[in-house]
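What follows is one structure encoded as structure tokens, with my remarks underneath.
Number of protein chains: 2
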Amino acid sequence: MSPPLNQTLHEWMRVVMRHSMRNFMLYAKEKNHSLAQLNALLRIHHKGTCGITDLGEEMGVTSAAASQLLEKLVQQGLALRTEDPSDRRNKRVVLTPAGEQIVREGMAARQGWLEELAERLPPAEQEQVSAALQILIQKANQLES
Amino acid sequence: MSPPLNQTLHEWMRVVMRHSMRNFMLYAKEKNHSLAQLNALLRIHHKGTCGITDLGEEMGVTSAAASQLLEKLVQQGLALRTEDPSDRRNKRVVLTPAGEQIVREGMAARQGWLEELAERLPPAEQEQVSAALQILIQKANQLES
DNA sequence: CTTGATAGTTAAGCGGGCTGAAATATAAAG
DNA sequence: CTTTATATTTCAGCCCGCTTAACTATCAAG
């Protein structure tokens, strides 16, 4: 019998946060991006395409801040701003391939330690862990839609 | 048969990062702490007690930066600096109860969505997930020591 | 006691992100 | 056409964190 899931989750997240936050900040510094920029890339990646105000709300900042942040991303060739033809007040924001690349790298930087860990598990346990995570993933997707 | 663990981990981390990063940044803003400060608290919490230079190395910044950052934490009553009696050049950094509290709150903010998700799983799946995460936790602790 | 190494602090300067307010452009309503 | 609302941008001013470089304090070796 395993400990209650709540307690296990708490402990697990402690481990995850310690590693992934550290790795992510080091990656940001190495690549000369700010955390705010990386977070914005992650948001845009997730939403697919969205307006500037949406983006700001999502990140908890004013639309002015979002606009300025986006400008930096555009200058770096990581994102694109295009007008919405149906209402030219709105802009549509999307990531460039370079922007998508940064998102992928950032993920990899954050989860490298986990993959290393996973490799050292015997196949049976790998199977067990994979099955359990699939449950969580599925439930998360379900709650989001 | 579940998908390969590597692929599952990748997908899982995408979900975790999206939620936990967002929640963490919103928490930081709400409480008027910077991410750098929260990260420092997390580091000190984990190392238990350490010198200023150590802390800087851990975070990937110079010792000057670490010293300044720490000063802010001390002013806010979140950390304490004491001299090492055996070598008074060294300082020992520890968290105050208020500092520990912030760490706990930050974790809670990051994992709230996960707990909500876990509650909606049937008991059998909760058990299955908990068992699998225990495997990962154990392996992580083992790799760290 | 002097020399040199080590740990930490302080100060100046730089760039980044945020806000509030003003400005611009577009759309919708009367 | 005028008015009002919406989406975004620009600007000034602020705070923050980082770095380099200079400085202080302490220790250890000769």
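Going line by line, the protein sequences match chains C and Y.
Going by numbering that gives the first Met the number 0, the first sequence opens with residue 0, and the numbers climb by one from there.
Going by numbering that gives the first Met the number 0, the second sequence opens with residue 0, and the numbers climb by one from there.
Where a beta carbon is used, it is the ideal one built from N, C-alpha and C, also for glycine.
It should be emphasised that the depicted structure is a prediction, and the values quoted were computed from it without experimental measurement.
{"Check": "Three-state class that DSSP yields for Val-73 of chain C in the structure shown", "Outcome": "helix"}
{"Check": "Nearest-angstrom Cα separation, counted from Thr-52 of chain C out to Asp-86 of chain C", "Outcome": "15 Å"}
{"Check": "Residues within the segment 2-13 of chain C neighbouring chain Y, beta-carbon criterion of under 9 Å", "Outcome": "Pro-2, Pro-3, Leu-4, Asn-5, Gln-6, Thr-7, Leu-8, His-9, Glu-10, Trp-11, Met-12, Arg-13"}
{"Check": "Backbone CA spacing between Ala-39 of chain Y and Met-16 of chain Y [nearest angstrom]", "Outcome": "19 Å"}
{"Check": "Under 7 Å (Cβ pairs) to chain C, residues found in the segment 132-143 of chain Y", "Outcome": "Leu-132, Gln-133, Ile-134, Leu-135, Ile-136, Lys-138, Ala-139, Leu-142"}
{"Check": "Residues that Arg-80 of chain Y bridges to, as DSSP identifies them", "Outcome": "Y:Val-92"}
{"Check": "Cys-49 of chain Y to Met-24 of chain C span [Cα, whole Å]", "Outcome": "20 Å"}
{"Check": "Residues in the segment 49-80 of chain C having any Cβ partner in chain Y nearer than 9 Å", "Outcome": "Glu-57, Met-58, Gly-59, Val-60"}
{"Check": "9 Å Cβ cut-off: residues of chain C touching Leu-120 of chain Y", "Outcome": "Leu-4, Ile-134, Leu-135, Lys-138"}
{"Check": "Among Y:Glu-82, Y:Lys-46, Y:Val-92, nearest to Leu-68 of chain Y - alpha-carbon criterion", "Outcome": "Y:Val-92"}
{"Check": "Within-8 Å CB hit, Ala-123 of chain C to chain Y", "Outcome": "no"}
{"Check": "Neighbouring residues, chain Y, relative to Leu-191 of chain C (Cβ below 8 Å)", "Outcome": "Since the displayed chain C opens at 0 and closes at 144, residue 191 of chain C lies outside it and no answer follows."}
{"Check": "Residue burial classification, Met-0 of chain Y (beta-carbon count within 10 angstroms, cutoff 16)", "Outcome": "exposed"}
{"Check": "Buried versus exposed call for Arg-13 of chain Y [16 or more other C-beta atoms within 10 Å across all chains shown]", "Outcome": "buried"}
{"Check": "Proximal residues to Lys-46 of chain C (C-beta, below 6 Å), its chain only, five neighbours per side dropped", "Outcome": "none"}
{"Check": "Contact set between Glu-99 of chain C and chain Y, taken where Cβ atoms lie within less than 7 Å", "Outcome": "In chain order: nothing, as chain Y lies at least about 13 Å away."}
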